[in-house]
Every structure is written in C-alpha cells, then in structure tokens.
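> In my numbering, the protein residues as written are 207 to 393.
Even for Gly, the Cβ is constructed at its ideal location relative to N, Cα and C.
Here it is, the structure in full.
Shown next, in the form of structure tokens:
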C-alpha cells in the first residue's frame, strides 16, 4: 500500500515535470533565420567589429522549391532581422542590391532542423558599387560559407539530441529510484 502511494507520488511528479516543460517547448516552436548585410571593407566575407551594416539590400527567403517565403529590405540600423516561425526544411537566402558588389556568395543555403529554436544567422558582405569600382578588391573565397550554415545546423541538432537524451535519462533514473526505493523499503 505504501509502495503504491510512493509510486503514485513519483508519477504525479513526472506528470508535473512534463506539464512544466511542455509550454516552454511549445513556446519555442518554429525556427528562425536571421539576416544582415555589412560593408565588407577588407573583402574577407566575415563581419569585423568595425564594419558597418549596409542599407538597401534586398533579402529574399526562399523555400527549396524556389518560392519566396518572405522578403526584407535592410535599413543598416536594426539588423539582424529574423524571419521567425519557420518550419523545418531547406531554405535559400538571397541577397541583392543595386548599389552593392558582393564580396562573397549572394545566395546561401540554410537547413532548419525539426524543433530548432536557436536562430541561424546569415551575413552578406558587400562593398558599395562606387567603392568597388575604385578598389582592386578581389572577392573573398567563400566556398565554405554554405557548409558553415550546415555545420551550425548539425551542431544545433546534436545539442538538442543530447539535451533530450539527458532529460529522458534523468526521468528514467527517477522512476528507477522510486521503484527501487518502494521495493526494498518493504524488506
């Protein structure tokens, strides 16, 4: 009888834990892709602290079927801008601006994992067209830019998997401890 009460209390605690975690997980549903464009003064494709944001760059977020899901025009002040509530899947972020010359890729592939809540940030380096014409700036090698987004997505998936596995292990350990305690407490 006492063992059943302890087991019932343990199950009630487990249910309470699940109910406490569920709203947090539901609140964090939907992935985010955050974008910004910057004046890549040194042409390396990486934003340095001294490189300012660029206004008037059009950012199109496309599905893997090449359908535009959302668009944004950078203002050079409030970036990064985040496209939120995105479903898991493959996306293509395209940057374009009449007055800029890209220093790297202008189209970047992004993979959002199911349940991914950590935003993926995509940055676009460019120089104003008038500056590009006066400089001999060679475009930076950016062959690894799309794999960087894929690597970040993989790391996020791994972190979520290990976090979920850790929670499951803790819950199972608690249940095992309750069962062990109720079984051997009688003896």
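1. For residue 231, which of helix, strand or coil comes out of DSSP?
2. Among residues of its own chain, excluding the 5 on either side of residue 363, which ones have a beta-carbon nearer than 8 Å to its beta-carbon?
3. Indicate whether residue 281 and residue 300 have their beta-carbon atoms separated by less than 8 Å.
4. Under 8 Å: do the region 282-301 and the region 236-243 share three or more Cβ pairs, one atom per stretch?
5. Please classify residue 390 as buried or exposed, where buried requires at least 16 other C-beta atoms within 10 Å of its C-beta.
6. For residue 315, is the beta carbon positioned less than 7 Å from some heavy atom of the ligand SAH?
7. Please say whether residue 303 and residue 328 have beta carbons closer to each other than 8 Å?
8. Report yes if the C-beta distance between residue 295 and residue 315 is below 8 Å; otherwise report no.
9. Looking at C-alpha atoms only, which residue of 259, 369, 308, 317 is the closest neighbour of residue 335?
10. Given residue 290, which residues of its chain have a CB within under 7 Å of its CB, disregarding the five upstream and five downstream residues?
Based on what the coordinates show:
1. Position 25 of the chain shown, counted from the start, is the residue given in the question as residue 231. The predicted model places residue 231 with a pLDDT of 46, which falls under 50 and marks its position as unreliable, so this point remains unresolved.
2. Counted from its first residue, the chain shown places residue 363 at position 157. The answer, listed in chain order, is 319, 322.
3. Translated into the one-based positions of the chain shown, residue 281 becomes position 75. Translated into the one-based positions of the chain shown, residue 300 becomes position 94. No; because the gap between Cβ atoms is not below 8 Å, this pair is not in contact.
4. yes
5. Working through the chain shown from its first residue, we reach residue 390 at position 184. Residue 390 is exposed by the Cβ-count criterion.
6. The ligand SAH is not among the ligands present in this structure, which contains no ligands whatsoever.
7. The residue labelled residue 328 in the question sits at position 122 within the chain shown. The residue labelled residue 303 in the question sits at position 97 within the chain shown. Not a contact, by the Cβ cut-off of 8 Å.
8. Looking up residue 295 in the chain shown gives position 89. Looking up residue 315 in the chain shown gives position 109. No, the pair does not count as a contact, with Cβ atoms beyond the cut-off.
9. Indexing the chain shown from 1 puts residue 335 at position 129. When only C-alpha atoms are compared, the closest one is 308.
10. Mapped onto the chain shown, residue 290 falls at position 84. The residues are 236, 238.
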